[in-house]
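Here's the structure we're looking at; comments come further down.
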Amino acid sequence: MGKKIKVFLVDDHEIFRDGVKQLITNESDMEVTGTASDGEEAIAAIQEAKPDVVIMDIRMPGLNGLETSQNIIKSGSNVNIIFFSLYDREDYVISALEMGAHGYILKDTSNKIFLNGIRAVANGQFFFTGEVSDILVKKYRELKQEKGIPDVHQSFSLPSLSKRELEILNMIRIGKTNKEIAEAFGLSVRTIETHRLNMLRKFKTSNLDEILKVTEKYNDED
């Protein structure tokens, strides 16, 4: 068995800390190396425990989770922080990301997702549960609009397709086969296949359904 993931828990509710500790302890690839009930206690204890991942509550008396995490990072501790919170407020999520957190998981998530989040963050990845991801995507798009950067759908710009390709795409959308499309335009089946291949290359995908979905959404927005 390889090295276990060392996890440190910071939460002001003892019952919650004990429950999460038991959940993690039951996993063969991770262990809890320490716990703290507030930010002040956590800062000193984490420097001593040297965990791989810190599970941090965001709302605590005294130093809150954001302030505690900032102090931990400034102290030079080489840990990845996951905020584990009841709250999906945009200001909390954005502040956590700007502060340098590697994850933000809501407390009503499933045990499996929570544990997979720990593993992902321990491997240097970022992990955000669905609701939190929605907030980040929304904020990202707002920032792009403020800076005048086109939205992601425009990276799949319809003008990049030729008139013939658009016509073929519309035929595909209504369920026509290559043979039926070829007959409709007086072309060979091989020519239709070539057009399909060119569209896949332009959209940098191997799945024509992705092009259909993107262009359909683009048309809806227009």
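In numbering that gives the first Met the number 0, the protein residues as written are 0 to 221.
Even for Gly, the Cβ is constructed at its ideal location relative to N, Cα and C.
Given the structure is predicted, the values throughout are model-derived calculations rather than measurements.
Identify, in the order they occur along the chain, each residue of the same chain with its Cβ nearer than 7 Å to the Cβ of Lys162, setting aside the five sequence neighbours on each side.
Numbered from its first residue, the sequence shown carries residue 162 at position 163. For Lys162, where only same-chain residues beyond five positions count, there are no Cβ hits under 7 Å.
Tell me, please, which residues DSSP counts as bridged to Glu165.
On the sequence shown, residue 165 is found 166 positions in, with the first residue counted as 1. According to the sequence displayed, residue 165 carries Leu and not Glu. Leu165 is not bridged to any residue.
So, with DSSP's three-state summary, where would you put Phe125?
Taking the sequence shown and counting its residues from 1, the one referred to as residue 125 is at position 126. It is coil, neither helix nor strand.
Would DSSP call Leu105 helix, strand or coil?
On the sequence shown, residue 105 is found 106 positions in, with the first residue counted as 1. In the structure shown, Leu105 sits in a strand (DSSP, three-state: E or B).
Per the contact definition of three or more C-beta pairs closer than 8 Å, is the segment 82-102 in contact with the segment 57-73?
Yes: at least three Cβ pairs fall under 8 Å.
Measure the alpha-carbon distance for Tyr86 versus Val92 and round it to whole angstroms.
Taking the sequence shown and counting its residues from 1, the one referred to as residue 86 is at position 87. Taking the sequence shown and counting its residues from 1, the one referred to as residue 92 is at position 93. Each residue's Cα considered, the two are about 9 Å apart.
Does the beta-carbon distance from Ala181 to Ile173 come in below 9 Å?
Here residue 181 refers to the residue found at position 182 of the sequence shown. Here residue 173 refers to the residue found at position 174 of the sequence shown. Their beta carbons are not under 9 Å apart, which means Ala181 does not touch Ile173 by this criterion.
Hey, quick one: how far does the beta strand (DSSP E) through Gly223 stretch, first residue to last?
Nothing in the structure corresponds to residue 223, since the chain is present only between 0 and 221.
Here's a check: name, in chain order, each residue in its chain whose Cβ is nearer than 6 Å to the Cβ of Thr128, leaving out the five neighbours to either side.
Residue 128 sits at position 129 when you count from the first residue of the sequence shown. The answer, listed in chain order, is Ile104, Leu105 and Thr108.
Report the three-state DSSP secondary structure of Gly174 (helix, strand or coil).
Within the sequence shown, numbered from 1, the residue matching residue 174 stands at position 175. Gly174 falls in the coil class under three-state DSSP.
Can Ala48 and Thr32 be called in contact, C-beta distance under 9 Å?
Position 49 of the sequence shown, counting from 1, holds the residue named residue 48. Position 33 of the sequence shown, counting from 1, holds the residue named residue 32. Contact: yes.
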